[in-house]
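Below: the structure, in structure tokens.
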Amino acid sequence: MTEPPAPYRPNPVAKRVENGLESLLFNSRWLMAPFYLGLVVSLAVLLLKFCMMLWEFIVHAPGSKETDIILGVLGLIDVSLVGNLILIVVFSGYENFVSKINPGDHPDWPEWMTKVDFAGLKQKLLASIVAISAIQVLKAFMNIDAAFDVQKMSWLVGVHLVFVISALLLALSDRWGDRKDS
Numbered sequence: 033m034t035e036p037p038a039p040y041r042p043n044p045v046a047k048r049v050e051n052g053l054e055s056l057l058f059n060s061r062w063l064m065a066p067f068y069l070g071l072v073v074s075l076a077v078l079l080l081k082f083c084m085m086l087w088e089f090i091v092h093a094p095g096s097k098e099t100d101i102i103l104g105v106l107g108l109i110d111v112s113l114v115g116n117l118i119l120i121v122v123f124s125g126y127e128n129f130v131s132k133i134n135p136g137d138h139p140d141w142p143e144w145m146t147k148v149d150f151a152g153l154k155q156k157l158l159a160s161i162v163a164i165s166a167i168q169v170l171k172a173f174m175n176i177d178a179a180f181d182v183q184k185m186s187w188l189v190g191v192h193l194v195f196v197i198s199a200l201l202l203a204l205s206d207r208w209g210d211r212k213d214s
């Protein structure tokens, strides 16, 4: 008769090392928190720049042409879109990679902030970049009479089209990926 194999007994030292390593890896996610705090500081710097641009816009508005007013407004929109982009990265990045956010204590908390997964974050980022890029092309077009540079306009349009195509391809790949998972 053959003897039954001895039951598996894990090595307690190896198990403690494994648990310690897993704990270290899991808790390393908190190293991302200072990055998000840095982005909040950059948002404050962007606010300062926005206020300076707004003040300059207000001061020069009475004597400005219509196209200058439109260009000034587009510049303000551009900076606010970058601010939105920073917020999207901060909230969804923190939620996805560091720790869950409990919106229950904040009734005015936007619903999307705790519902953006990594695929949604990528799409929102690219959509914001496409919008910012489109504003740069529109600003150049609105300023075409003052300074038309074919090479610069071609680069702006080309880069914008690359962003648009990238966003479309990302959306399609996410959609195809979702179909495979179903």
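According to this note's numbering, the residues represented by the sequence shown are 33 to 214, in order.
All residues carry an ideal CB built from backbone N, CA and C; glycine is no exception.
CB contact flag (G125, Y68, <8 Å): Their beta carbons are under 8 Å apart, which means G125 touches Y68 by this criterion.
8 Å Cβ shell around I167 - same chain, five flanking residues per side excluded: L106, I109, D110 and L113.
CB contact flag (R61, V162, <8 Å): The Cβ-Cβ distance between R61 and V162 does not fall below 8 Å.
Extent of the continuous alpha helix (DSSP H) run through A159: A159 -> alpha helix (DSSP H) spans F150 to M174.
Span of the alpha helix (DSSP H), counted from its first residue to its last, around E143: No alpha helix (DSSP H) contains E143, which DSSP labels as neither H nor E.
Best match in I133, V189 and L170 for proximity to I102 [C-alpha to C-alpha]: Scanning I133, V189 and L170 for the CA closest to the CA of I102 turns up L170.
C-alpha gap between Q183 and V189, whole angstroms: Distance between the alpha carbons of Q183 and V189: 10 Å.
8 Å Cβ cutoff met for N128 and L157: Not in contact: N128 and L157 (Cβ atoms no closer than 8 Å).
S205 versus E50 - alpha carbon distance: CA-to-CA, the gap between S205 and E50 works out to about 36 Å.
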